[in-house]
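**Q** I am attaching a structure below and will ask some questions about it afterwards.
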DNA sequence: GAACTATTTAAGTTAGTGCTTAAATACGCT
DNA sequence: AGCGTATTTAAGCACTAACTTAAATAGTTC
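Protein chains in written order, with the working numbering: chain U, 1 to 114; chain A, 1 to 114.
Spelled out as structure tokens, the structure:
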């Protein structure tokens with residue numbers, strides 16, 4: 001998961017991911033859309049591949065890349081679990097506060113009319 | 001958004017975020033849970049604060065931190081829009097493929113029984 | 001096999017980051 | 001004011017990461 005988060009923290013890699021989200025593109029086609037060298041893009045593609053965010057397929061000379069739904073799904077699932085766990089705790093906390101508030105009110109009422 | 005993604009890409013910052021998810025903690029209390037110096041944690045807290053992921057409140061001597069729902073919401077929204085846009089494109093692509101397949105079948109049928 | 005194309009890998013440079021130690025700031029207490 | 005506590009800021013160091021250039025690999029074509 002570490003690798004995934006690091007991978008998408010880099011803006012250029014997010015752009016690349018977008019480019020290959022719904023279609024295959026050769027490394028060179030991807031590189032031609034950026035103003036850095038092919039080598040630089042190749043290195044980004046490696047990071048994305050090792051994070052399991054893109055898949056690579058060889059076609060003759062070329063290497064075609066495309067977003068990998070599995071890796072993206074893992075990321076989404078991780079983030080959702082992160083949130084759910086947090087929201088769950090918030091909920092529990094809110095209920096506890098609610099109980100305290102009611103207890104305070106009951107005590108106040110007893111003082112007013114015992 | 002850049003700042004948010006960079007902030008959560010760091011494992012220690014994710015741990016800190018978890019700690020203050022549902023309660024306020026003083027900087028020192030947070031730092032005492034890690035085996036790095038207070039200064040290091042203070043720097044992490046700054047990163048989180050500048051990414052709007054935590055809120056800081058001063059209480060006398062101490063500074064209390066707590067997760068900021070707004071920043072977290074922004075992150076969730078960003079990721080969801082990232083996905084939705086992607087899924088939307090996937091859907092459009094799938095429908096286009098479906099139309100092509102039907103067109104192929106119609107053509108084949110005409111050839112079989114014109 | 002030599003030449004050409006597409007891509008990656010290696011090596012080096014530069015900028016950024018996480019950490020430490022030491023000094024600065026901010027607040028409360030007497 | 002002076003002292004103690006909580007925390008941040010500054011400076012410096014080690015390590016990582018994004019990039020470049022140059023060389024290596026892999027596949028196609030003649």
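Every residue gets a Cβ at the ideal spot worked out from N, C-alpha and C, and that includes glycine.
Please read these numbers as outputs of a predicted model, since none were measured by experiment.
Give me the residue from U:55, U:38, U:37, U:36 with the minimum Cα distance to residue 72 (chain U).
**A** In the first chain, the residue the question calls residue 72 (chain U) occupies position 72. That would be U:55, whose Cα lies nearest to the Cα of residue 72 (chain U).
**Q** Among U:77, U:61, U:34, U:50, whose alpha-carbon lies nearest the alpha-carbon of residue 67 (chain U)?
**A** For the purposes of this step, residue 67 (chain U) is taken as the residue at position 67 of the first chain. Distances from the alpha-carbon of residue 67 (chain U) to those of U:77, U:61, U:34, U:50 put U:50 closest.
**Q** Tell me whether residue 39 (chain U) is buried or exposed, calling it buried when 16 or more other Cβ atoms sit within 10 Å of its Cβ.
**A** On the first chain, position 39 is the one that residue 39 (chain U) refers to. So residue 39 (chain U) ends up on the exposed side.
**Q** Closest Cβ-Cβ distance between residue 8 (chain U) and chain A: below 8 Å?
**A** Walking along the first chain from the start, residue 8 (chain U) turns up at place 8. So yes, residue 8 (chain U) belongs to the interface.
**Q** So, under 8 Å CB-CB, residue 7 (chain U) and residue 63 (chain U) are touching, yes? Tell me the CB distance rounded to an integer number of Å.
**A** In the first chain, residue 7 (chain U) corresponds to position 7, counting from 1. In the first chain, residue 63 (chain U) corresponds to position 63, counting from 1. That belief does not hold up - the Cβ atoms of residue 7 (chain U) and residue 63 (chain U) are roughly 18 Å apart, past 8 Å.
**Q** Just checking my contact of residue 48 (chain U) with residue 17 (chain U) at CB under 8 Å: how many whole Å lie between their CB atoms?
**A** For the purposes of this step, residue 48 (chain U) is taken as residue 48 along the first chain, with counting starting at 1. For the purposes of this step, residue 17 (chain U) is taken as residue 17 along the first chain, with counting starting at 1. Residue 48 (chain U) to residue 17 (chain U), Cβ: 7 Å. Contact.
**Q** Would you kindly report the start and end of the unbroken alpha helix (DSSP H) that includes residue 13 (chain A)?
**A** As a working note, residue 13 (chain A) is residue 13 in the second chain. 11 to 19 is the extent of the alpha helix (DSSP H) around residue 13 (chain A).
**Q** So, for residue 35 (chain A): in the same chain, excluding its five sequence neighbours on each side, which residues have a beta-carbon less than 6 Å away from its beta-carbon?
**A** Within the second chain, the letter at position 35 stands for residue 35 (chain A). Spatial neighbours of residue 35 (chain A) in its own chain (CB-CB distance under 6 Å, excluding positions within 5 residues in sequence) are not present.
**Q** Go ahead and label residue 58 (chain U) buried or exposed: buried means 16 or more other beta carbons lie within 10 angstroms of its beta carbon, across all protein chains shown.
**A** As a first step, residue 58 (chain U) is located in the first chain; it is residue number 58 there, counting from the start. Its Cβ having fewer than 16 others within 10 Å, residue 58 (chain U) is exposed.
**Q** Please state whether DSSP places residue 24 (chain A) in a helix, a strand or coil.
**A** Residue mapping note: residue 24 (chain A) aligns to position 24 of the second chain, counting from 1. Three-state result, residue 24 (chain A): coil.
**Q** Could you round the C-beta distance between residue 19 (chain A) and residue 33 (chain A) to whole angstroms and report it? I think they count as a contact, below 8 Å.
**A** To locate residue 19 (chain A), count along the second chain from 1; it is residue 19. To locate residue 33 (chain A), count along the second chain from 1; it is residue 33. Confirmed, Cβ separation roughly 7 Å.
**Q** With burial defined as no fewer than 16 other Cβ atoms inside 10 Å of the residue's Cβ, what is the status of residue 23 (chain U): buried or exposed?
**A** Numbered from its first residue, the first chain carries residue 23 (chain U) at position 23. Flag for residue 23 (chain U) reads exposed.
**Q** What separation, rounded to the nearest whole angstrom, lies between the Cα atoms of residue 41 (chain U) and residue 61 (chain A)?
**A** Stepping through the first chain from its first residue, residue 41 (chain U) is reached at position 41. Stepping through the second chain from its first residue, residue 61 (chain A) is reached at position 61. Cα to Cα, residue 41 (chain U) sits roughly 49 Å from residue 61 (chain A).
**Q** Quick one: list the residues of chain A neighbouring residue 2 (chain U), beta-carbon separation under 7 Å, in chain order.
**A** Indexing the first chain from 1 puts residue 2 (chain U) at position 2. Those within 7 Å of residue 2 (chain U) in chain A are 11.
**Q** Examine chain U for any beta-carbon lying closer than 8 Å to the beta-carbon of residue 5 (chain A), and answer yes or no.
**A** Here residue 5 (chain A) is taken as the residue at index 5 of the second chain, counted from 1. For residue 5 (chain A), the answer is yes, since a Cβ of chain U falls inside 8 Å of its Cβ.
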